[in-house]
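According to full-length UniProt numbering, the stretch in the sequence shown is residues 1 to 498, in order.
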Amino acid sequence: MRFVSFSLNNRLTIAPEHLVNNPSLIAVPFSKLPSFSQPPLNPSFHFDKNLQHILHGKSLLFDELPFEVEKIHEHYENGYLMYSPGIHKTKYGYACSRCGNEKSRWFASFSCFRCKSDSCVYCRNCIMMGRVSECTPLLSWTGPEVEWSKANNLLWYGQLSSGQQAASQRFVDGVEGEGELLVWAVCGAGKTEVLFKGIEKALKLGLRVCIATPRTDVVLELAPRLKSVFPETLVASYYGGSDERDLPAQLVISTTHQLYRFKQAFNIMIVDEVDAFPYSYDKTLQHAVTQAVHPKHFTLYLSATPSNRMKRAAKQEVLPCVKISRRFHGHPLPVPKMVWSGEWRKRIAAKKLPAPFVMWVKKQAQSGRRAMIFVSSVSMLDTVTDIIKKHVSVIVDRVHAEDPKRKEKVEQFRQEKIQLLITTTILERGVTVPFLDVAVLGADHDVFSESALVQIAGRAGRSKDDHDGQVLFFHYGKSLSMVRAVKHIKHMNREDVT
1 MRFVSFSLNN RLTIAPEHLV NNPSLIAVPF SKLPSFSQPP LNPSFHFDKN
51 LQHILHGKSL LFDELPFEVE KIHEHYENGY LMYSPGIHKT KYGYACSRCG
101 NEKSRWFASF SCFRCKSDSC VYCRNCIMMG RVSECTPLLS WTGPEVEWSK
151 ANNLLWYGQL SSGQQAASQR FVDGVEGEGE LLVWAVCGAG KTEVLFKGIE
201 KALKLGLRVC IATPRTDVVL ELAPRLKSVF PETLVASYYG GSDERDLPAQ
251 LVISTTHQLY RFKQAFNIMI VDEVDAFPYS YDKTLQHAVT QAVHPKHFTL
301 YLSATPSNRM KRAAKQEVLP CVKISRRFHG HPLPVPKMVW SGEWRKRIAA
351 KKLPAPFVMW VKKQAQSGRR AMIFVSSVSM LDTVTDIIKK HVSVIVDRVH
401 AEDPKRKEKV EQFRQEKIQL LITTTILERG VTVPFLDVAV LGADHDVFSE
451 SALVQIAGRA GRSKDDHDGQ VLFFHYGKSL SMVRAVKHIK HMNREDVT
């Protein structure tokens, strides 16, 4: 978009070119505008509350707002929103104001119809959220803050274990202050229930809360649970394709990618599975969390497999930490059994499967129990699934990150319409299914890190009525990650109940 700049009341101001009928003014891309000041807030202006609810605590493009440019700019002129550059120059190149990317390889240029430039620079790192370019301003709310409801009662009558209760109380104690807390909890410890009392206290104080997680599957699982236990609270889920992203929600469950759109929004930030890919590797997603929190905020990190950096910080008492070393039902974690299965790569390349694995699959099918079977790549999914179908008569299906029917298949698996589900590491976290066994075919592959294997093993034995589910690692030589994962699980099982 092109803007013009001009003097008004001894102050330099700007406007989209089509809103100013003055041929003498030269229209330029937003990035080429001279420095301008924010108009002062006009308290007598009747602002649009729908615009306030959508834009408050966010940083959005014009295209993301369901309002005419005229209405948006009227709010700017009266000091209720501000424009800021989407891309700005730095000493070493460019930086994206939305995702924080500064890596030159993630910038490109194109011939832009809007600003008439032959080389309009844009950010490729966050382009899936809508293109941010040199001529693209980001809009944020500068008017009155939204006053959140304080009538937010928790509708949950469950009981916490002693470990859960200790973690819950630490969270409750931190809500009114500022700081950080790591809750290091084994898979199946009941981390979601640990959050309830702290969230309730925050909502009753009129604070805004976000639960951020790297994976869409976790958002889809958490959202219905939070809506049911906080029936008086507006709860919204944010993920690619969600129809709730414009709701003025006080409690938000979001993928970490969607946090690119938020700015100083949340008083309480809960980062679930803080060690998970891609959040743990992507500095821009970590930047998104930092950008999304209110200047006065409390951050809670949840993890079953925290990074070495977080472990060191906790040990040195730099990062406050509380550990839950037992599942909510009090039983230990299932310890994986390592099963040597020969050169599984060659067998699969020959359209066959290792004999020990086939024997287990047949036995599993006859047992009637569900199983998740993890493989190392999408390219293996079809082959492994097709071969398994030749050996058993039960319903078998596959799922991966880009599967358009991923959500439906996971739900069918929960409803026992699918008995054997073959998947990649996309389902290593967040999906909870009772009466489940787990197998990893090719557990010695590099993609299966220690944390991934711990998480995969954590899918089994989560129900109090079936606490000793089976976990098998089929391999062609034990990897260091496999050994460390088993050691990790045994260590947590030896921990005192806290």
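Every residue, glycine too, gets a C-beta built ideally from N, C-alpha and C. Note that the structure is a prediction, hence the values are computed from the model and not measured.
In the DSSP assignment, the beta strand (DSSP E) including residue i goes from what residue to what residue?
| i | result |
| --- | --- |
| Pro85 | Leu81 to Pro85 |
| Thr423 | Leu420 to Thr423 |
| Met1 | Per DSSP, Met1 belongs to no beta strand (DSSP E) and is neither H nor E. |
| Thr13 | Arg11 to Pro16 |
| Arg208 | Element bounds for Arg208: n/a, residue is neither H nor E. |
| Phe473 | Val471 to His475 |
| Arg398 | Val396 to Val399 |
Excluding the 5 residues flanking residue i on each side, which residues of the same chain have their C-beta closer than 8 Å to its C-beta?
| i | result |
| --- | --- |
| Glu200 | Asn152, Asn153, Leu154 and Phe230 |
| Lys150 | Leu203, Lys204, Leu205 and Gly206 |
| residue 537 | Because the chain here runs from 1 to 498, residue 537 falls outside it and cannot be looked at. |
Could you have a look at residue i and say whether DSSP puts it in helix, strand or coil?
| i | result |
| --- | --- |
| Asn493 | helix |
| Met482 | helix |
| Tyr260 | helix |
| Thr383 | helix |
| Glu450 | helix |
| Asp272 | coil |
| Val392 | coil |
| Phe110 | strand |
| Ala457 | helix |
Using the Cα positions of residue i and residue j, report the straight-line distance between them to the nearest angstrom.
| i | j | result |
| --- | --- | --- |
| Arg312 | His488 | 16 Å |
| Glu221 | Pro248 | 21 Å |
| Ser97 | Ala212 | 20 Å |
| His331 | Phe435 | 15 Å |
| Thr498 | Gly342 | Its pLDDT being 42, under 50, Thr498 is placed unreliably by the model, and nothing is read from it. |
| Val235 | Ala401 | 25 Å |
| Lys417 | Ser367 | 15 Å |
| Gly241 | Leu51 | 21 Å |
| Ala276 | Gln455 | 10 Å |
| Ser280 | Val274 | 7 Å |
What distance in whole Å lies between the Cβ atoms of residue j and residue i, which are believed to be in contact at a cut-off of 8 Å?
| i | j | result |
| --- | --- | --- |
| Phe6 | Leu19 | The Cβ separation is near 12 Å, so there is no contact. |
| residue 503 | Leu81 | In this structure the chain extends from 1 to 498, so residue 503 is not present and cannot be described. |
| Cys135 | Pro29 | 4 Å |
| Leu381 | Thr424 | 7 Å |
| Gly188 | Ser168 | Actually they are not in contact, since the Cβ atoms of Gly188 and Ser168 sit about 16 Å apart, beyond 8 Å. |
Could you pull the start and end residues of the alpha helix (DSSP H) that residue i belongs to?
| i | result |
| --- | --- |
| Gly198 | Lys191 to Lys204 |
| Leu226 | Thr216 to Val229 |
| Tyr76 | Val69 to Glu77 |
| Pro356 | Ala355 to Ser367 |
| Met310 | Asn308 to Lys315 |
| Phe413 | Arg406 to Arg414 |
Among the residues of its own chain, which have a CB less than 7 Å from the CB of residue i, if the five just before and after it don't count?
| i | result |
| --- | --- |
| Gly174 | Leu181 and Phe298 |
| Lys389 | Val396 |
| Glu64 | Gly130 |
| Ser481 | Phe448, Ser449, Glu450 and Leu453 |
| Lys103 | none |
| Leu372 | For clarity, residue 372 is Met in the given sequence; the question names Leu instead. Closer than 7 Å at the Cβ level, and outside the excluded window around Met372, lie Leu421, Thr423, Leu427, Leu436, Val438 and Arg459. |
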